[in-house]
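2 protein chains.
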Amino acid sequence: MTDAFSLHPQLAADTVPLGDLPLSRVLLAKDANYPWLILVPKRPALTEIFDLPEQEQNQLFGEIRQAAGALKRVTACDKLNIAAIGNVVSQLHVHVVARRKTDAAWPKPVWGAVPATAYAADIRDKLIADLRNALPVVP
Amino acid sequence: MTDAFSLHPQLAADTVPLGDLPLSRVLLAKDANYPWLILVPKRPALTEIFDLPEQEQNQLFGEIRQAAGALKRVTACDKLNIAAIGNVVSQLHVHVVARRKTDAAWPKPVWGAVPATAYAADIRDKLIADLRNALPVVP
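The listed protein sequences correspond, in order, to chains R and U. Using the working numbering, you'd call the opening residue of the first sequence number 12 and step up by one each time. Using the working numbering, you'd call the opening residue of the second sequence number 12 and step up by one each time.
Printed below as a string of structure tokens:
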């Protein structure tokens with residue numbers, strides 16, 4: 012069924028793809044306010060984590076752990092925020108966000124807090140390169 | 012070290028205890044806008060999920076799954092929102108929130124969206140009783 016997966020157009024529009032882990036596509040949000048990864052399991056028609064078979068739930072949890080660890084190492088952030096919300100875009104996706112006490116929304120959660128800010132291309136490309144080095148994604 | 016755990020006073024003030032799972036204390040938020048559970052691993056000095064030993068991370072994920080399943084069965088909600096944020100109260104805690112398309116904040120995330128509303132005692136007591144039946148907590 013994997014080949015029936017397609018990324019929701021809103022997620023595609025709001026992110027840059029980093030690459031794929033075995034279960035999840037890994038995306039970087041186009042928002043320079045915070046280094047912000049989004050993991051999307053490459054399975055069709057999922058809304059809740061608990062819609063996955065149990066083995067894949069555990070695999071997803073492992074990939075969230077990998078993404079959070081990579082983000083922490085690359086950004087030396089103060090706090091990680093991890094969430095599965097999906098009230099607007101129902102395709103199952105998990106946010107992993109690196110927060111700093113000096114960021115634009117701190118201490119509020121990031122969703123809807125402040126408008127997204129565009130990355131400077133060199134900063135974005137350096138972050139993507141660092142994250143690709145820290146996380147075993149394949150193109 | 013388990014005996015050095017104590018619940019953060021802000022979490023204690025904002026919730027009613029449902030009982031304990033093997034790893035986590037399970038709390039019900041005092042907010043009638045949404046059935047809202049909070050899981051707090053009974054370990055001292057934790058901030059991130061990834062501060063737990065790996066076996067306990069997996070145990071926590073299993074308990075999140077149990078809590079989410081119980082909440083879904085009891086409330087027949089439209090969507091589950093699951094998050095570890097902790098920017099304000101740093102003690103590790105995981106939110107599991109039952110959302111309805113008719114609730115006060117939909118589709119926004121619940122944090123900071125609208126002021127908490129007090130439960131009527133009979134509605135709160137019924138919800139607590141139903142959740143205790145659905146989830147293997149011990150007092």
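From the three backbone atoms N, C-alpha and C, an ideal C-beta is built for every residue, glycine too.
How big is the Cα-Cα spacing for residue 119(R) and residue 123(U)? Taking the straight line from one Cα to the other gives about 8 Å.
Using DSSP with H/G/I as helix, E/B as strand and the rest coil, what is residue 103(R)? Three-state DSSP puts residue 103(R) in coil, outside helix and strand.
Contacts around residue 83(R), its chain only, beta-carbon distance under 6 Å, and the 5 residues preceding and following it disregarded: Excluding sequence neighbours, residue 83(R) sits near nothing in its chain.
What does a CB cutoff of less than 6 Å around residue 134(R) pick up in its chain, not counting 5 residues either side in sequence? Taken in chain order, the list of residues that qualify is empty.
One or two residues paired with residue 35(U) in a DSSP bridge: 52(U).
Chain U contact residues for residue 68(R), given Cβ-Cβ distances below 8 Å: Using a Cβ-Cβ cut-off of 8 Å, residue 68(R) is close to 72 and 76 of chain U, given in chain order.
Closest by CA to residue 112(R), which one among 143(R), 40(R), 92(R) and 17(R)? For residue 112(R), the closest alpha carbon among the candidates 143(R), 40(R), 92(R) and 17(R) is that of 92(R).
Please name the residue in 19(R), 38(R) and 41(R) whose C-alpha comes closest to that of residue 56(R). Comparing Cα-Cα distances from residue 56(R) to each of 19(R), 38(R) and 41(R), the minimum goes to 19(R).
Around the Cβ of residue 136(R), are there at least 16 other Cβ atoms within 10 angstroms (buried) or fewer (exposed)? Its Cβ having fewer than 16 others within 10 Å, residue 136(R) is exposed.
Output yes if chain R places a C-beta closer than 7 Å to the C-beta of residue 134(U); else output no. Using beta-carbon distances, residue 134(U) does not count as an interface residue toward chain R, since no partner is under 7 Å.
Quick one: which residues of the stretch 91-107 of chain U get their C-beta closer than 7 Å to a C-beta of chain R? List them in chain order. Listed in sequence order: 91, 92, 93, 94, 95, 96, 97, 98 and 99.
Which of the residues in the stretch 16-50 of chain R, read from start to end, lie with their CB under 7 Å from any CB of chain U? Those residues of the stretch 16-50 of chain R that come within reach of chain U (Cβ to Cβ, closer than 7 Å) do not exist; the list is empty.
Counting C-beta neighbours from all protein chains within 10 Å, is the total for residue 147(R) 16 or more, i.e. buried, or is it exposed? A residue is called buried once 16 or more other Cβ atoms fall within 10 Å of its Cβ, and residue 147(R), having fewer, is exposed.
Does residue 79(R) come within less than 7 Å of chain U when only Cβ atoms are used? By the rule that beta-carbons nearer than 7 Å mark a contact, residue 79(R) touches chain U.
Assigned exposure category for residue 130(U) - 16 Cβ within 10 Å defines buried: Flag for residue 130(U) reads buried.
Residue 134(U), enclosing alpha helix (DSSP H) - first and last residue: Looking at the DSSP string, the run of the alpha helix (DSSP H) that includes residue 134(U) is 132-145.
Using a Cβ-Cβ distance under 7 Å, would residue 137(U) count as near chain R? In terms of beta-carbon proximity, residue 137(U) stays away from the interface with chain R, with every pair separated by 7 Å or more.
So, do the stretch 62-79 of chain R and the stretch 24-34 of chain R have three or more beta carbon pairs nearer to each other than 8 Å? Enough Cβ pairs lie closer than 8 Å, so yes.
What whole-angstrom Cβ distance do residue 103(R) and residue 29(R) have, given they're in contact under 8 Å? No, residue 103(R) and residue 29(R) are not in contact; Cβ-Cβ is about 18 Å, not under 8 Å.
Ignoring anything shorter than 3 residues, give me the beta strand (DSSP E) runs that lie fully in the stretch 57-107 of chain R, in order along the chain. Within the stretch 57-107 of chain R, the complete beta strand (DSSP E) segments at least 3 residues long are 90-95, listed from N- to C-terminus.
Counting only Cβ-Cβ distances shorter than 9 Å, please list the residues of the stretch 52-65 of chain U near chain R, keeping chain order. Contact annotation: in the stretch 52-65 of chain U, residues whose CB is within less than 9 Å of a CB in chain R are 58, 59, 60, 61 and 65.
From this set, 114(R), 110(R) and 101(R), which residue's C-alpha is nearest residue 51(R)'s C-alpha? The option with the nearest alpha carbon to residue 51(R) is 101(R).
Have a look at the DSSP bridge pairing and note the partners of residue 117(R). DSSP output for residue 117(R) lists no bridge partner at all.
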